[in-house]
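2 is the number of the first residue of the sequence shown in the numbering used here; add one for each residue after it.
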Amino acid sequence: MIPVLVAMFVAGAGAAQPERVTIMTYNVKNMYDVFDDPYTFDEGTPVKPRAEIKLIASLIAKLDPDIVAFEELENEGVLKAMVREMLPDGGYQYVAAMPANSGRGGNLGLISRQPIVSLTSHRFTDLALEMDHKNRAWRFARDLLRIRIKLTASQVLDLYIAHFKSRRDSGSDTKSRHWRLAEAIAARRIIDRDRRRHPEHWMLLLGDLNDTPGSKTLQALLAPGQQPAAVAPLIDLHVRLQSQDRITYLRRPYRTTVDYMLANPALAGRLVPGSAHVVSDDLLLGGSDHAPVLATFDLAGLK
């Protein structure tokens with residue numbers, strides 16, 4: 002694990018505690034800037050058109066989330082530039098991103114109105130499957146990035162951003178099924194460990210998991226633990242939506258659900274009824290081949 006303390010991007014005066022917090026995750030499809038990074042193999046990835054970044058910023062402004070997690074992001078600078086130029090009044094005082102394992106520089110990041118306390122990377126975690134007799138070992142294809150956020154004076158949110166391995170074959174691992182399953186098992190183990198250490202924290206795993214509801218990847222994340230000391234399983238916040246209402250990967254003919262928000266029971270119990278949804282307005286979705294996923298949580302009564 003690599004813990005990193007994070008400083009505030011823009012100084013601002015303290016505000017009254019909000020009664021609710023809306024959280025969004027968004028795979029923004031190769032949000033790369035015009036500057037070439039000589040240490041990544043990104044030459045085959047085109048610069049993100051400014052028009053698409055403006056559409057992403059317009060979507061954020063329209064939906065007005067308090068916290069936004071990003072996948073397929075090049076660096077922290079491109080996030081800061083978007084906030085500064087296109088969301089100057091959005092209140093996103095906290096901006097963070099960290100390098101991941103992606104060879105072409107596809108990283109994870111976040112913008113937030115709520116204070117970021119720290120970042121913790123798990124990109125050097127060794128992954129393996131007991132069922133895999135070929136003795137293969139992996140690491141997270143990008144990372145499992147934990148961002149600790151202070152929602153109120155007393156309530157902490159541990160937010161885990163993930164972007165699991167794509168469905169491309171990796172050697173004999175057809176569609177990388179084993180790799181994603183190893184990522185899911187490791188992510189669940191890490192989150193369960195953190196929940197035992199900090200049972201008072203709210204916890205949320207979100208991002209592009211590159212697999213569908215009912216897959217072994219999702220089963221590993223959502224299944225009840227087997228040990229006597231196992232904590233309660235994570236909860237899919239969008240499970241009650243009809244399949245056609247939770248399509249997040251938009252490219253035809255592969256339209257399906259691959260983006261999720263999975264919460265521990267304490268946070269799931271604060272879900273505002275009807276707030277968990279996937280954006281389906283085509284006028285807002287021109288900036289990416291994914292649709293963002295959102296949910297709102299009640300903070301009333303917290304100190």
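No residue lacks a Cβ here, since even glycine has one placed at the ideal position from N, Cα and C.
Quick caveat: nothing in here was measured; it's all calculated off a predicted structure.
Contact check, residue i vs residue j, beta carbons under 9 Å
i	j	result
ALA187	LEU128	yes
ILE117	ASP144	no
GLU86	MET32	no
ASP34	GLY78	yes
LEU210	VAL240	no
THR153	LEU272	no
ALA189	LEU235	Looking at the sequence provided, one finds Arg at residue 189 rather than Ala. Contact: yes.
Coil, strand or helix - residue i by DSSP
i	result
LYS217	helix
ASP174	strand
SER59	helix
ALA138	coil
ASP209	strand
GLU201	coil
HIS123	coil
LYS81	helix
Separation of residue j from residue i, as counted between CA atoms
i	j	result
ARG114	TYR40	32 Å
MET262	PRO200	19 Å
GLY110	SER244	28 Å
HIS164	PRO254	22 Å
TYR95	LEU205	18 Å
ASP283	GLU131	43 Å
ILE68	VAL22	8 Å
GLY13	ALA264	In this prediction, GLY13 has a pLDDT of 42, which is less than 50 and means its spatial position is unreliable; what the coordinates show is noted afterwards. Using only the alpha carbons, I get a separation of about 30 Å.
LYS30	ARG51	13 Å
THR46	ALA301	44 Å
Exposed unless 16 or more other CB atoms sit within 10 angstroms - verdict on residue i
i	result
THR175	exposed
GLN18	exposed
ASP90	exposed
GLY270	exposed
Neighbourhood of residue i by C-beta distance below 6 Å, restricted to the same chain and skipping five residues each side
i	result
VAL280	ALA292 and PRO293
LYS217	LEU182
Spatial neighbours of residue i in its chain, beta-carbon cut-off 7 Å, leaving aside the 5 residues before and after
i	result
LYS166	ALA142, SER177, TRP180, ARG181, GLU184 and ASN211
ILE191	HIS123 and LEU145
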